[in-house]
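One structure below.
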Amino acid sequence: MHILLIGPRASGKTTIGRELADRINHPLIDLDDAVLDAFSEKSVSEVWEVHGESAWREAELKTLPQVLQGKTAVIALGGGTPVIPAAFDMIEDCRSNGQARVIYLQCSVNELTRRLKSELGDRPSLTGINPADEIGQVLQLREAIYLALADIVLDTTTNTPLQLTDQLLQDFPDLSVNHT
412 MHILLIGPRA SGKTTIGREL ADRINHPLID LDDAVLDAFS EKSVSEVWEV HGESAWREAE
472 LKTLPQVLQG KTAVIALGGG TPVIPAAFDM IEDCRSNGQA RVIYLQCSVN ELTRRLKSEL
532 GDRPSLTGIN PADEIGQVLQ LREAIYLALA DIVLDTTTNT PLQLTDQLLQ DFPDLSVNHT
């Protein structure tokens, strides 16, 4: 069974995903990295600049089923992946048929803003303004979708990735069971 991590940018999907994958001995797949491989550009921001957001979303839709049909893994989805209706349906289908558990990494807007201001990383703007300044608006549009898909909601506002992973495995010991 896959473990899918969803949530806004800077919520900790890749960082917590790496820790969780190591702890339960599963590979980590960062969907953004897998999608980026479909382009010749070196960064997500470059892809968005050259091809636009719609090309990125189309590539996500092509890559997601390949990842979901692959070997059991911890999969960090892009923040916008669940917002794509066809992707939402794929995630929901995997969840409902027992092929995936979905963990929503929830985080306060203030903390997301702080994280984005301290390290923006390769995150293009979604609204035309600075990603740190748009995060509240973006989260408001996406939170209901994240909650609708979530089997588990984990607040990542405080605590380290190690502490959060410990909490997940303590509260949900079945996550560490090898579901191949």
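Last residue of the sequence shown: 591 in the numbering used here, with the numbers rising by one and none dropped.
All C-beta atoms, glycine included, are put in the ideal place defined by N, C-alpha and C.
Small disclaimer: the values here were computed from a predicted structure and weren't measured.
| Asked | Found |
| --- | --- |
| DSSP three-state call for HIS462: helix, strand or coil? | helix |
| Is LEU573 closer than 8 Å to LEU431 when the C-beta atoms are compared? | no |
| Quick check: the Cα distance between ASP448 and GLU464, rounded to an integer number of angstroms? | 16 Å |
| Going by beta-carbon coordinates alone, are ARG434 and THR576 separated by less than 8 Å? | yes |
| Between the beta-carbon of ALA421 and the beta-carbon of LEU527, is there less than 8 Å? | yes |
| Less than 8 Å separating the beta-carbons of GLU405 and SER536? | The question about residue 405 has no answer, for the chain in this structure spans 412 to 591. |
| Flag this pair as yes or no: are the beta carbons of ARG553 and VAL494 separated by less than 8 Å? | yes |
| Helix, strand or coil: which one does DSSP assign to ILE540? | coil |
| Compute the Euclidean distance between the alpha carbons of THR567 and ARG506, then round it to the nearest angstrom. | 22 Å |
| Roughly how many angstroms separate the alpha carbons of MET412 and TRP459, rounded to a whole number? | 32 Å |
| Quick check on LEU558: buried or exposed, where buried means 16 or more other Cβ atoms within 10 Å of its Cβ? | exposed |
| Note down the Cα distance separating PRO584 from GLU471, rounded to an integer number of angstroms. | 30 Å |
| Runs of 3 residues minimum, wholly inside the segment 502-540: which ones carry the beta strand (DSSP E) assignment? | 511-517 |
| Assuming ILE360 contacts ILE440 under a Cβ cut-off of 8 Å, what Cβ separation, rounded to an integer in Å, is found between them? | For residue 360 there is no data in the structure shown, the boundaries of the chain being 412 and 591. |
| Note down the Cα distance separating LEU479 from ILE540, rounded to an integer number of angstroms. | 33 Å |
| Give the single residue among VAL549, GLN477, ILE514, GLN581 whose Cα lies nearest to the Cα of LEU565. | ILE514 |
| Report the partner residues of LEU565 according to the DSSP bridge assignment. | LEU516 |
| Beta carbon of GLY490, beta carbon of PRO419: below 8 Å? | yes |
| Cα-Cα, which of ASP582, ASP562, LYS424, LEU550 is closest to ASP504? | ASP562 |
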